[in-house]
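S.K.:
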Amino acid sequence: MSANLFDQLIGLSAGVLLLTSVLLVWKRSLVAAARLLAAQGVALASLVAVIGVFDHDRQLVAVAGLVLVLKGLVLPWVLDRSRIRTGAVREETPLMNTTAALLALSLLTMLAYLVSQPLRVLAPGPTTAAVPVGISLVLYGFLLLTTRRHAISQLVGFLLLDNGIAAVAFLTSGGVPFVVELGASLDVLLVVLILRVLTSRMTVKFGGADLDDLTDLRD
Amino acid sequence: MGVLVLVPLTVCLALAALTAFLRTPALCRFSGLVAAATVLASGVALSAAVLAGSIPTAGSLLRVDALSAFMLGVVGAVGLTATWGGLPVAGAPAHDWMYSTLVTLFLGAMSLAVLADNLGVLWIAVEATTIATAFLVGHNRTRRSLEAAWKYVVLGSVGVAIAFLGLVLLYAATVAAGRPTLSWIALTQGHLALDPSLLKVAGALAVLGFATKAGLAPMHSWLPDAHSQAPAPVSGLMSGVLLSVAFYAILRVQAVVDPVLGAGLMRGLLVAAGLLSLTVAAALIIRQRDLKRMLAYSSIEHMGLLALAAAIGGTLAIAAALLHVLGHGLAKSSLFVVSGRILAAEGTTQIADLRGLLTRRPVMAVPYLVGMAALLGLPPFSLFFSEVAIVVAGFQRGLGWAMAVAVGLVLVLFAGLARHSASIALGPASPGLAEPDPPGRSAPLVLALGSLAVIGFTAGPLPLLLSQAAAVLVGAR
Amino acid sequence: MNTRALVLAAVQVIVMAVLSPLLVGLMRQVRARMEGRAGAGVLQPARDLRKLFAKEPLRAEGTSWVMSVGPVVLVASSALVCVLVPLVGTITFPLVPDDLFVMVSVLLLGTVALALVGLDAGSAFGGMGSSRHMTIAALVEPTVLVSVYALSIPVGSSSLSAIVHGRLVHPSSVVAPVSLLALVALFVAVVAETGRMPVDNPSTHLELTMIHEAMVLESSGRDLAWLELGSWLRLGALLGLVGSLLAPWGIASSVTPLSLLIGVLALVAKLVVLGSALAAGEVFLAKLRLFRVPELLAGSFVLAFLAVTASYLVVQA
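Residue numbers (the numbering used here), protein chains in the order written: chain A, 1 to 219; chain B, 1001 to 1477; chain C, 2001 to 2317.
1. Going straight from the alpha carbon of Leu1194 (chain B) to that of Pro118 (chain A), what length do you get?
2. Can you list the residues of chain B that Lys205 (chain A) reaches, using a CB-CB cut of under 7 Å?
3. Helix, strand or coil for Asp2099 (chain C)? Go by DSSP, reduced to three states.
4. Under 7 Å between beta-carbons, which chain A residues line up against Gly1997 (chain C)? List them in chain order, please.
5. Check whether the region 2198-2214 of chain C and the region 2132-2142 of chain C touch, using three or more Cβ-Cβ pairs below 8 Å as the test.
6. Please list the terminal residues of the continuous alpha helix (DSSP H) segment that includes His1328 (chain B).
7. Say whether chain C places a C-beta atom closer than 7 Å to the C-beta of Ser106 (chain A).
8. For Pro2177 (chain C), does the count of other Cβ atoms within 10 angstroms reach 16, so buried, or fall short, so exposed?
9. What residues in the region 1174-1190 of chain B have a beta carbon less than 7 Å from any beta carbon of chain A?
10. Determine, for Leu12 (chain A), whether the minimum Cβ-Cβ distance to residues of chain C falls below 7 Å.
11. Does chain C have any CB closer than 7 Å to the CB of Thr109 (chain A)?
12. From Gly1108 (chain B) to Pro1088 (chain B), what does the alpha carbon distance come to, in whole angstroms?
13. Pop quiz: Ala1448 (chain B) and Thr1081 (chain B) are said to be a contact at Cβ under 8 Å. What is the actual Cβ separation, rounded to whole angstroms?
14. Got a sec: is the Cβ-Cβ distance from Ile997 (chain B) to anything in chain A below 7 Å?
15. In the DSSP assignment, what residue or residues form a beta bridge with Ala1148 (chain B)?
16. Please confirm if Gly15 (chain A) has its CB atom under 7 Å from at least one CB of chain C.
17. Can the beta-carbon of Leu44 (chain A) be found closer than 7 Å to that of Lys27 (chain A)?
18. In its own chain, which residues sit with a C-beta less than 7 Å from the C-beta of Ile51 (chain A), not counting the 5 before and 5 after it?
19. Quick one: give me the first and last residue of the alpha helix (DSSP H) that Val2011 (chain C) is part of.
20. So is Pro1218 (chain B) buried or exposed if we call it buried at 16+ other beta carbons inside 10 Å?
21. Short of 8 Å in beta carbon distance, which residues of its chain neighbour Leu2116 (chain C), apart from the five on each side in sequence? Order them along the chain.
22. Can a CB atom of chain A be found closer than 7 Å to the CB of Arg1287 (chain B)?
23. For a contact meaning CB atoms closer than 9 Å, what does Ala130 (chain A) contact in chain B?
24. Report the CB separation of Leu1291 (chain B) from Thr1359 (chain B) in whole angstroms; it is logged as a contact under 8 Å.
25. Starting from Asp216 (chain A), find everything on chain B with Cβ-Cβ shorter than 7 Å and list it in chain order.
26. For Leu2297 (chain C) and Val2140 (chain C), what's the separation of their Cα atoms in angstroms?
27. Is it true that the CB of Leu1243 (chain B) sits closer than 7 Å to the CB of Gly1551 (chain B)?
28. Counting pairs of beta carbons, one from the region 1273-1292 of chain B and one from the region 1177-1193 of chain B, are three or more of them closer than 8 Å?
29. Cβ atoms of Val1472 (chain B) and Ala1041 (chain B): under 7 Å apart, would you say?
30. Note down the Cα distance separating Gly1394 (chain B) from Ser1111 (chain B), rounded to an integer number of angstroms.
31. CB-CB under 7 Å to Val78 (chain A), same chain, minus the five flanking residues each way: which ones, in chain order?
32. Measure the alpha-carbon distance for Gln2029 (chain C) versus Ala2046 (chain C) and round it to whole angstroms.
33. Between the beta-carbon of Leu2080 (chain C) and the beta-carbon of Val2106 (chain C), is there less than 7 Å?
34. Measuring only between beta-carbons, confirm whether Thr2309 (chain C) sits less than 7 Å from chain A.
35. Leaving out five residues on either side along the sequence, give the residues of the same chain with a beta carbon under 8 Å from the beta carbon of Phe2321 (chain C).
36. Would you list the one or two residues that DSSP bridges to Arg90 (chain A)?
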């Protein structure tokens, strides 16, 4: 693979990651969220595969397969099953309206560029140039977690956060050691499954998965 | 020696698997207890080995120095107190199999966290504790425990994910330095040329993430809910030792970052977090109406004190912090065990509804008062000595102003806790049947509180272990 | 240089004056056919113009000279935009820069003229249309600026012909993700600027849903003809801009009859494709409620902004 092609493919995957995240914040539809997360998983897997092929690292290409299955198929599927169980289709009562959230995205992107400056100065190259995209995803995930009031939206925010951290991991160092990668993937899967069970219990007990109903415990 | 390192992990895993598959009443009743006892025994054995001079390892991922051995002992001791004290009464049915399996896995995950040399494995173990305790917090299946479990899982996982981002950036720094590694010993002793600005971001994120799990403000909002809604023995384990394991992770990260950046960044972060935690706890303690929630805020206070001790640094402060970890663990778990018994006997943990416990149920009120005295830092209990040592070290190392503020806040907390405890224990005896407690149930409490009274004074292996453990961290800088 | 640029400018204005009504007719015809109607034919807008030019304008009492001058200003600004945007060729006047900011300012001039015409009659609908129009303009101008700016960063100049020429010379920059992102944002901004669905329904007859139509409600005869022609010229020019940026091939770099012919034919092709695509899309879209329009425009602004930041990182790396 030539360096030029590598640059372009990295740029393309990073661009798709960024675009899907913007759409996740833009659209309040929870049905679309699962599909966007699946697309994001595919983009992330292709990013990892491109890095693996360029570095001739077979283990990394295998990890790309793992990422594809986990983040492209399994996690969006579990998310969608949770959403169907709660019966929700849209996020009805966000704390921040869409226009303000979109403008906040611009600010968060600038913050991501600032934060990743030391890394880009340390090891300049096409992969580190795309690190701000990963950090933007982390910040967008935070935005979703803090401004959305539905349990499924918070789950989406958590998955977005996790995708961003995975992107940063792969872009900065070709991933963490395989054991750690495996453990981290398993942890994310288990957390999502736990949240799915809690969401269905919430639907039974509260009649919906709106977190505004959870206000009993306060000081 | 390497085998000994693997013993607590394999025993916990095996017991959990057996309980999950076989589900016999004996297993359901005793698996947590046996696991905790094994962890304590391994902790003691490994401490002896470390004091004798060896550093047991198992593969490249696990490594036991004095600090790890001590923390393993703490996990075992607090675990034993909580599980033994939380055993159901002889005639009553045992906990269900899922509860016992999860408690055993919880103990195994905490043991893995303190035995790990690889920071990635440490992270996995901390995340595993969140997973193991998620359904334990929601065990009661009430609306409130569901709310608490949701907040706990979401905030805990987000915090740990931030810590993972920090570790990822740390790994990237090692890659740029030419030797990719996440091994703590390589990071501290390997003289790697780690980039300072990248390490700044990585260290700050990692500490922020683990501080969320340790319940330090401002990321503490899950703690009062989760610790008050979980079943009492689980609350004892979580307050007593899970927070301390997260604190241990912060100490390990601090030891990696400080040699490169100097003590300034970590010190600033930890002083801010510590003082903020103390302020939050002091401000809200008097408003508490629920006994377990009050104990949870007390945990936030003690985690704030530990953060301040870590910020101070130096052998005295770190050794005092480790002693405080042990003391707080034993005291808090005993108090939670007692509160669980109070809940079972009275049917409520609302402070307003519990009156005159000393006259009505002395078997519970006395351990409660003794444990509360220990928690408040009264002599002869070890928390008195550890808190004094922390304050002295703070004044010695230039953080006198922070110590003055902290002492003031601790006094406010003292007043709040004492007031609540007085209203629970004292007062006229309302008419009610006082059933005698079955014999043998006070053994774990006596053991825990008795050792608290003693370890502040004893010479012998414990101070030696503490100083060696502190030397592991301080010497690494 | 001056004469060549003059020739090119004249060619662009005349071609666009001829093509714009045909473009609008094509879009209406595509929409009609897709909706199952026979449609009025591609030449109908041209026939409407011919009819309107022959009629005397009726101006309401209380209107001022704005009513007669405004439409002419709109047409003049649209024609000037046709000169500035590299539609057929990339040769520019040395004294009149075809800078991005100049183009946006000229567009704004036309926008303001149209808004004033809407206000001049003093009717409620006209005022409502004008205020909505200016609200959208306030949100669209930054997006147009930022998205074209994102495309100008690799070239290093904000001159439109330099940008198009740069994209012609380096085909890989056309498919770069940054460029695609900026073009998507620009397309959304163009849709909003020219009053197409989902921002404004050009064929609505319900006054409360009108934006553009409300402003021309009081105009008639020649005034209306100028207003319509001005709006169509803007649509043609902006779609032509998107086309030139998206597919710069065929643009003339020299003023020879052959290259001009190729340029015109390429322009026709691009306008046909983009216009049909836009019209087909309109069939499937519903008009957005007015308070949702800022969301859409904020979203396109964010995309443009991300394109700018991303192109800086590409340049640095």
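Cβ atoms here follow ideal geometry from the backbone N, Cα and C, with glycine treated the same way.
M.R.: From the atom records:
1. Within the second sequence, the letter at position 194 stands for residue 1194 (chain B). Within the first sequence, the letter at position 118 stands for residue 118 (chain A). When rounded, the distance between both Cα atoms is 12 Å.
2. By one-based count along the first sequence, residue 205 (chain A) stands at place 205. Per Cβ cutoff of 7 Å: Arg1143, Leu1146.
3. Within the third sequence, the letter at position 99 stands for residue 2099 (chain C). Three-state result, Asp2099 (chain C): strand.
4. No answer is possible for residue 1997 (chain C): the residues shown for chain C start at 2001 and end at 2317.
5. yes
6. As a position in the second sequence, residue 1328 (chain B) is number 328, starting the count at 1. His1328 (chain B) -> alpha helix (DSSP H) spans 1315-1346.
7. On the first sequence, position 106 is the one that residue 106 (chain A) refers to. With 7 Å as the cut-off, Ser106 (chain A) counts as an interface residue toward chain C.
8. In the third sequence, residue 2177 (chain C) corresponds to position 177, counting from 1. It counts as buried.
9. Val1175, Ala1176, Pro1180, Leu1182
10. Taking the first sequence and counting its residues from 1, one reaches residue 12 (chain A) at position 12. Judged by the 7 Å Cβ criterion, Leu12 (chain A) is in contact with chain C.
11. Here the question's residue 109 (chain A) lines up with position 109 in the first sequence. Output row for Thr109 (chain A): interface = yes.
12. Here the question's residue 1108 (chain B) lines up with position 108 in the second sequence. Here the question's residue 1088 (chain B) lines up with position 88 in the second sequence. Roughly 22 Å separates the two Cα atoms.
13. Counting from 1 along the second sequence, the entry for residue 1448 (chain B) is found at position 448. Counting from 1 along the second sequence, the entry for residue 1081 (chain B) is found at position 81. The C-beta distance from Ala1448 (chain B) to Thr1081 (chain B) rounds to 4 Å, short enough to fall under 8 Å.
14. Because chain B in this structure spans residues 1001 to 1477, residue 997 (chain B) falls outside the shown range and cannot be described.
15. One-based indexing of the second sequence puts residue 1148 (chain B) at position 148. Looking at the DSSP assignment, Ala1148 (chain B) forms no beta bridge with any residue, so it has no partner.
16. On the first sequence, residue 15 (chain A) is found 15 positions in, with the first residue counted as 1. Cβ-Cβ to chain C under 7 Å: yes for Gly15 (chain A).
17. Position 44 of the first sequence, counted from the first residue, corresponds to residue 44 (chain A). Position 27 of the first sequence, counted from the first residue, corresponds to residue 27 (chain A). Cβ distance not < 7 Å, so Leu44 (chain A) and Lys27 (chain A) don't count as in contact.
18. Mapped onto the first sequence, residue 51 (chain A) falls at position 51. So the qualifying residues of the chain are Leu60, Thr127, Phe170, Gly174.
19. Residue numbering aside, residue 2011 (chain C) sits at position 11 when the third sequence is read from its first letter. Here the alpha helix (DSSP H) through Val2011 (chain C) covers 2002-2034.
20. Walking along the second sequence from the start, residue 1218 (chain B) turns up at place 218. By the neighbour-count rule (16 or more Cβ atoms within 10 Å), Pro1218 (chain B) is not buried but exposed.
21. Within the third sequence, the letter at position 116 stands for residue 2116 (chain C). Excluding positions up to five away in sequence, the list reads Val2066, Gly2070, Ser2130.
22. Residue numbering aside, residue 1287 (chain B) sits at position 287 when the second sequence is read from its first letter. Yes, its Cβ sits closer than 7 Å to a Cβ of chain A.
23. One-based indexing of the first sequence puts residue 130 (chain A) at position 130. Under the 9 Å cutoff, chain B gives no residues; its nearest Cβ is about 13 Å from Ala130 (chain A).
24. Taking the second sequence and counting its residues from 1, one reaches residue 1291 (chain B) at position 291. Taking the second sequence and counting its residues from 1, one reaches residue 1359 (chain B) at position 359. Actually they are not in contact, since the Cβ atoms of Leu1291 (chain B) and Thr1359 (chain B) sit about 18 Å apart, beyond 8 Å.
25. Here the question's residue 216 (chain A) lines up with position 216 in the first sequence. Result: Arg1143, Arg1144, Glu1147.
26. Taking the first residue of the third sequence as position 1, residue 2297 (chain C) is located at position 297. Taking the first residue of the third sequence as position 1, residue 2140 (chain C) is located at position 140. Distance between the alpha carbons of Leu2297 (chain C) and Val2140 (chain C) is about 7 Å.
27. Residue coverage of chain B in this structure runs from 1001 to 1477, which leaves residue 1551 (chain B) outside it and unanswerable.
28. As far as the Cβ criterion goes, the region 1273-1292 of chain B does not touch the region 1177-1193 of chain B, which means the pair count is below three.
29. Here residue 1041 (chain B) corresponds to residue number 41 of the second sequence, with the count starting at 1. Here residue 1472 (chain B) corresponds to residue number 472 of the second sequence, with the count starting at 1. Their beta carbons are not under 7 Å apart, which means Ala1041 (chain B) does not touch Val1472 (chain B) by this criterion.
30. Residue mapping note: residue 1394 (chain B) aligns to position 394 of the second sequence, counting from 1. Residue mapping note: residue 1111 (chain B) aligns to position 111 of the second sequence, counting from 1. In a straight line, the C-alpha of Gly1394 (chain B) is about 31 Å away from that of Ser1111 (chain B).
31. Position 78 of the first sequence, counted from the start, is the residue given in the question as residue 78 (chain A). Once the five neighbours on either side are set aside, the close Cβ partners of Val78 (chain A) are Val192, Leu193, Arg196.
32. For this step, residue 2029 (chain C) is matched to residue 29 along the third sequence. For this step, residue 2046 (chain C) is matched to residue 46 along the third sequence. Using only the alpha carbons, I get a separation of about 13 Å.
33. Here residue 2080 (chain C) corresponds to residue number 80 of the third sequence, with the count starting at 1. Here residue 2106 (chain C) corresponds to residue number 106 of the third sequence, with the count starting at 1. Contact flag set, yes.
34. Reading the third sequence from its first residue, position 309 is the one you call residue 2309 (chain C). Output row for Thr2309 (chain C): interface = yes.
35. The structure shown has nothing for residue 2321 (chain C), since chain C only spans 2001 to 2317.
36. Numbered from 1 along the first sequence, position 90 holds the residue referred to as residue 90 (chain A). Paired residue(s): A:Ser29.
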